[in-house]
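Heads up, the final residue of the sequence shown is numbered 287 in the numbering used here, and it's a clean run with no missing numbers. No residue lacks a Cβ here, since even glycine has one placed at the ideal position from N, Cα and C. Since we're looking at a predicted model, the values are computed, not measured. Before any comments, here is the structure.
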Amino acid sequence: MHRVDLDGEIALVTGAASGIGRAVAIELAAAGARVVVNDLDAARSKSDAVVAEIEKAGGSAIAIDADIGIEAEVDRLFDRIRERLGGLQILVNNAGIERNHPIDEMSLAAWQQVIDVNLTGQFLCARGAIREFLRRRGELPEGKARGKIVCMSSVHQTIPWAGHANYAASKGGVMLLVKSLAQELAAQRIRVNAVAPGAIRTPINRAAWTDETARAALLRLIPYGRIGAPEDVARAVLWLVSDASDYVTGATIVVDGGMSLYPSFATGAG
Ligand code: NAD
Numbered sequence: 018m019h020r021v022d023l024d025g026e027i028a029l030v031t032g033a034a035s036g037i038g039r040a041v042a043i044e045l046a047a048a049g050a051r052v053v054v055n056d057l058d059a060a061r062s063k064s065d066a067v068v069a070e071i072e073k074a075g076g077s078a079i080a081i082d083a084d085i086g087i088e089a090e091v092d093r094l095f096d097r098i099r100e101r102l103g104g105l106q107i108l109v110n111n112a113g114i115e116r117n118h119p120i121d122e123m124s125l126a127a128w129q130q131v132i133d134v135n136l137t138g139q140f141l142c143a144r145g146a147i148r149e150f151l152r153r154r155g156e157l158p159e160g161k162a163r164g165k166i167v168c169m170s171s172v173h174q175t176i177p178w179a180g181h182a183n184y185a186a187s188k189g190g191v192m193l194l195v196k197s198l199a200q201e202l203a204a205q206r207i208r209v210n211a212v213a214p215g216a217i218r219t220p221i222n223r224a225a226w227t228d229e230t231a232r233a234a235l236l237r238l239i240p241y242g243r244i245g246a247p248e249d250v251a252r253a254v255l256w257l258v259s260d261a262s263d264y265v266t267g268a269t270i271v272v273d274g275g276m277s278l279y280p281s282f283a284t285g286a287g
């Protein structure tokens with residue numbers, strides 16, 4: 018069996034105090050990476066708890082706060098990574114938010130906030146990581162990349178979502194950001210891929226899985242018959258940042274229990 022080994026690699030995971038980002042940070046650390054747990058200053062106690070959990074399991078992590086939607090904070094984040102860890106090989110662009118409103122009631126602020134974090138934030142962190150990857154010169158053995166980026170997208174990069182136009186637009190943008198960066202950077206041996214989760218049990222969608230009626234309605238959209246766990250997504254990220262996927266770039270791995278397979282056509286009727 019091919020053992021995934023990230024020994025000696027440094028990985029930045031954004032929005033890692035909670036949900037999917039937390040599970041990704043723990044998974045990458047367990048595979049040997051030194052992990053930078055990024056989240057907002059307001060989530061610092063939760064970031065510290067993730068660092069403590071990684072260290073307790075024998076891994077290595079540090080927490081660095083930054084609002085990834087703000088250019089100066091992202092620049093500072095990468096300065097601190099360079100000072101404290103000396104480099105970076107892996108970025109998991111995970112931080113994301115929802116601000117849901119019917120379109121006629123959606124303020125510009127609600128639109129802008131989601132685009133700033135979910136799309137511009139992914140651009141700013143990708144740019145910072147790519148600059149860092151490109152500082153690493155020299156020959157690379159076949160089967161090894163100079164740097165690896167995984168962007169957290171969503172099934173809503175392709176499935177329209179009424180009442181969530183800002184979110185769906187941000188994830189549609191992430192899809193073409195990933196493909197364009199993958200095309201632009203392949204010759205430099207930088208791989209850029211996406212993971213598109215379906216419904217995963219995290220605080221972002223608590224109402225959808227705590228309310229019994231909402232939960233039943235959600236399960237009707239999932240052919241595999243269960244809501245996903247953050248670890249389901251983390252394992253896909255682990256593969257994409259490892260050398261096991263060295264020939265994969267510009268791809269999206271959909272982790273959704275079949276949600277994007279048009280479940281309403283499952284009976285073959287019509
Ligand atoms: P979550 O709310 O549990 O975690 C998101 C984390 O991002 C939080 O800790 C939050 O503080 C942090 N964050 C928010 N804004 C930030 C900013 N500006 N800078 C730094 N950190 C910030 O949500 P989650 O479900 O774990 O979501 C993680 C990613 O997965 C998001 O991009 C989301 O769109 C995506 N996703 C989630 C689901 C799902 O069902 N949970 C499905 C598809 C995609």
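Three or more beta-carbon pairs separated by less than 8 angstroms link the segment 80-93 to the segment 44-63, which places the two stretches in contact. The residue among 174, 188, 145 and 127 with its C-alpha nearest the C-alpha of residue 108 is 145. Between the alpha carbons of residue 73 and residue 46 lies a distance of about 11 angstroms.
Distance check between residue 220 and each of 156, 241, 114 and 23 places 114 closest, using alpha-carbon atoms only. Note that the C-beta distance between residue 149 and residue 102 is not below 7 angstroms.
In this structure, the beta-carbon distance from residue 164 to residue 98 does not fall below 7 angstroms. Under the three-state reduction of DSSP, residue 183 is assigned to helix. Here the distance from the Cβ of residue 212 to the nearest heavy atom of ligand 1 is not below 6 angstroms. Within its own chain, the residues whose Cβ lies closer than 6 angstroms to the Cβ of residue 38, once the five positions on either side in sequence are excluded, are 30, 32 and 111, listed in chain order.
The distance from the Cβ of residue 138 to that of residue 195 is about 14 angstroms, inconsistent with a contact at the 8 angstroms cut-off. In the DSSP assignment, residue 39 falls within the alpha helix (DSSP H) that extends over 36-47. Taking C-beta atoms under 8 angstroms as the contact rule, residue 212 and residue 254 qualify, at a distance of about 6 angstroms. Residue 158 counts as exposed, since fewer than 16 other beta carbons sit within 10 angstroms of its beta carbon. Membership of residue 240 in any alpha helix (DSSP H) is not indicated, and neither H nor E is assigned to it by DSSP. DSSP, reduced to helix, strand and coil, places residue 137 within a helical segment of the structure shown.
Distance check between residue 192 and each of 204, 214 and 224 places 214 closest, using alpha-carbon atoms only.
The DSSP assignment places 88-102 and 125-132 as complete runs of the alpha helix (DSSP H) inside the segment 63-149, in order along the chain (cut-off: 4 residues). Residue 190 is bridged by DSSP to nothing; it lacks a bridge partner. Going by C-alpha positions, residue 77 is about 10 angstroms away from residue 43. Residue 40 is a Cβ neighbour of residue 248, given a cutoff of 7 angstroms. Runs of the beta strand (DSSP E) lying entirely within the segment 239-280 and spanning at least 3 residues, in chain order: 269-272. The beta-carbon distance between residue 275 and residue 239, rounded to whole angstroms, is 7 angstroms. This is short enough to meet the 8 angstroms contact definition. For residue 213, the enclosing beta strand (DSSP E) covers residues 207-214. Between the alpha carbons of residue 232 and residue 273 lies a gap of roughly 15 angstroms. Straight-line measurement puts the Cα of residue 256 at about 17 angstroms from the Cα of residue 199.
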